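Counting in full-length UniProt numbering, the sequence shown runs from 1 upward without gaps.
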Amino acid sequence: MSRSAAWVLVGLTLAWPLTPMVRGAPPRIQLNRSATGFLTPEGQPFHPRGFNYDRDHRGRLLEEYWEQEWNTVESDFAEMKRLGANTIRIHLQAGAFLNGPTEPNPRALERLRRLLRVAERTALCVDLTGLGCYRKTAVPAWYDALDEAGRWKAQTTFWRAVARAARDSRAVWCYNLMNEPFVPGTPRPQGDWLAGEFGGFSYVQAITLDPAGRPRTAIARQWIRTMATAIRNEDPQALITVGLLPERQPQNSFSGFDPEMVVRELDFISVHLYPDERRPEEALEVLAACDRGRPLVVEEIFPLHISPERLTRFISRHSDRVTGWLTFYWGQPPEELAQERTLAAAVLHDWLVRWQMLKSHYGP
Numbered sequence: 001m002s003r004s005a006a007w008v009l010v011g012l013t014l015a016w017p018l019t020p021m022v023r024g025a026p027p028r029i030q031l032n033r034s035a036t037g038f039l040t041p042e043g044q045p046f047h048p049r050g051f052n053y054d055r056d057h058r059g060r061l062l063e064e065y066w067e068q069e070w071n072t073v074e075s076d077f078a079e080m081k082r083l084g085a086n087t088i089r090i091h092l093q094a095g096a097f098l099n100g101p102t103e104p105n106p107r108a109l110e111r112l113r114r115l116l117r118v119a120e121r122t123a124l125c126v127d128l129t130g131l132g133c134y135r136k137t138a139v140p141a142w143y144d145a146l147d148e149a150g151r152w153k154a155q156t157t158f159w160r161a162v163a164r165a166a167r168d169s170r171a172v173w174c175y176n177l178m179n180e181p182f183v184p185g186t187p188r189p190q191g192d193w194l195a196g197e198f199g200g201f202s203y204v205q206a207i208t209l210d211p212a213g214r215p216r217t218a219i220a221r222q223w224i225r226t227m228a229t230a231i232r233n234e235d236p237q238a239l240i241t242v243g244l245l246p247e248r249q250p251q252n253s254f255s256g257f258d259p260e261m262v263v264r265e266l267d268f269i270s271v272h273l274y275p276d277e278r279r280p281e282e283a284l285e286v287l288a289a290c291d292r293g294r295p296l297v298v299e300e301i302f303p304l305h306i307s308p309e310r311l312t313r314f315i316s317r318h319s320d321r322v323t324g325w326l327t328f329y330w331g332q333p334p335e336e337l338a339q340e341r342t343l344a345a346a347v348l349h350d351w352l353v354r355w356q357m358l359k360s361h362y363g364p
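Okay, here's the thing in structure tokens:
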């Protein structure tokens with residue numbers, strides 16, 4: 001073989017997706033051969049950018065309005081695309097997709113299929129985040145009453161059903177097993193699965209109530225394997241991740257999900273990052289803790305504790321170490337926000353305009 005031919009072969013090998021394609025499966029985003037980045041079905045580098053689409057500006061979760069206001073969902077998808085998104089993150093609630101521990105909700109699953117068809121038409125990739133219990137009052141009593149084994153079994157019911165509904169869609173980018181899970185260090189009361197609230201929603205969720213002497217990271221890894229197996233039994237080419245809390249010292253963390261350990265079970269690391277302009281070094285420490293040789297996606301970022309201008313500079317400065325960035329869209333385009341006379345609307349307007357201009361800084 002000539003030297004030039006050998007280099008061509010090396011190049012093709014490095015560009016070829018790591019995750020094996022399944023006969024008859026739809027073409028999707030996959031890991032590259034070195035598992036350090038993503039590739040499109042055409043073999044081009046892929047950098048996810050876009051929005052969390054978790055609720056609207058009225059505080060309604062997606063499943064609370066997608067039956068009556070489907071036109072809103074379609075127009076929001078089109079607007080997110082106009083704002084430069086190639087990826088959106090959908091947050092599916094456990095109570096909306098489970099009628100019981102072993103009984104999925106067929107109506108919700110059909111609505112999900114319809115949503116994925118809209119994403120395909122809009123050319124948006126989808127991060128399917130599941131098992132949400134964001135509205136505490138809407139969590140089924142039977143779900144909170146389950147013990148660890150029962151809850152995990154119900155969660156595999158959820159993921160098998162969701163993966164079965166999504167496996168034929170080319171829009172699916174990844175399955176995020178849960179938003180900000182944690183393993184408690186000490187036993188928690190019966191039914192106390194949620195930790196705190198933010199803006200009226202419970203985003204942080206325990207995967208066990210009692211570690212019972214087990215290493216917390218071992219519990220986290222076992223749970224990830226259990227959920228990932230349920231998904232891949234239905235969708236073998238699935239990319240798997242989990243939404244991690246922004247912890248600077250994860251080995252001594254609140255969550256028990258140490259990136260250095262759980263990365264062995266995941267295709268890539270997803271972390272939620274809210275830089276504080278008074279302590280900018282903390283965000284850098286989080287990124288360093290999550291840099292484990294796999295793609296690193298900042299799955300949530302927003303100017304909560306920093307100005308939109310400074311956050312824009314932060315993203316531009318660190319896009320070389322981050323594969324993708326997702327912020328939030330709550331159903332109000334910049335033109336609508338510009339008509340409001342509140343500080344919150346002004347900040348969000350400024351941020352969305354800057355976000356749209358960031359496209360050139362974080363990849364095609």
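Cβ coordinates follow ideal geometry from the N, Cα and C atoms, glycine included.
These numbers were taken from a predicted model, which means no experiment stands behind them.
Can you list, in chain order, the residues of its chain with a C-beta nearer than 6 Å to that of residue i? Leave out the 5 residues immediately preceding and following it.
i    : result
A338 : H349
D54  : H91
G331 : D56, H57 and D76
T72  : none
Y175 : L128, I231, A238 and I240
C290 : P259, I269, V271 and L296
R354 : P308 and T312
Less than 9 Å separating the beta-carbons of residue i and residue j?
i           : j    : result
K136        : S202 : yes
residue 365 : I29  : It is not possible to answer for residue 365, since the shown part of the chain is limited to 1 through 364.
G130        : M178 : yes
A230        : T156 : yes
L343        : V298 : no
G84         : L358 : yes
A108        : E63  : yes
P104        : A161 : yes
R292        : P259 : yes
P27         : F38  : no
Q190        : A145 : yes
A165        : R82  : no
L116        : A171 : yes
C133        : G95  : yes
R151        : W193 : yes
P280        : F254 : no
F328        : N52  : yes
I306        : P333 : no
H318        : L284 : yes
Opposite residue i in the DSSP bridges: which residues?
i           : result
C133        : According to DSSP, C133 bridges with nothing at all.
I207        : Answer by DSSP bridge pairing: none, since I207 is not bridged.
residue 373 : The shown model of the chain, from 1 to 364, leaves out residue 373, and the question about it has no answer.
G50         : T87 and L326
P280        : None, per the DSSP bridge assignment.
L61         : R55
Q30         : L39
Consult DSSP for residue i and reduce its assignment to one of helix, strand or coil.
i    : result
S2   : Note that S2 has pLDDT 34, beneath the 50 cutoff, so the model's placement of it is unreliable and the number below is only indicative. S2 falls in the coil class under three-state DSSP.
F77  : helix
D267 : coil
H318 : helix
Q356 : helix
R111 : helix
N99  : strand
W325 : strand
D147 : coil
E300 : strand
Q155 : helix
L343 : helix
Q222 : helix
L116 : helix
N245 : The question names Asn, but residue 245 is Leu in the sequence shown. Looking at L245 - three-state DSSP - the assignment turns out to be coil, as it is neither helix nor strand.
P275 : coil
P140 : coil
P308 : helix
Could you pull out every residue in the same chain whose Cβ sits closer than 8 Å to the Cβ of residue i, ignoring the five residues on either side in sequence?
i    : result
V286 : P246, E247, R248, V271 and L273
R264 : R221
V242 : N176, L177, M178, P181, I224, F257, V262, L266 and S270
I219 : V183, I207, T208, P211 and G256
Once the 5 residues before and after residue i are set aside, which same chain residues still bring their CB inside 7 Å of it?
i    : result
E74  : V118
L12  : Because the pLDDT at L12 is just 33, under 50, the model does not fix this residue reliably, and the value given afterwards should be weighed accordingly. Excluding residues within five positions, none has a Cβ falling inside 7 Å.
M227 : Q155, T156, W159 and L177
N86  : P48, R49, G50, L124 and C125
G59  : G200
V347 : P303 and P308
Just checking: is the beta-carbon of residue i within a distance shorter than 9 Å of some beta-carbon in chain B?
i   : result
F97 : Of the chains in the structure shown, none is chain B; there is only one protein chain.
* Are at least three pairs of beta-carbons, each pair with one atom in the stretch 93 to 105 and one in the stretch 207 to 221, less than 8 Å apart? -> no
* **Three or more C-beta pairs below 8 Å linking the stretch 190 to 209 and the stretch 122 to 129** => no
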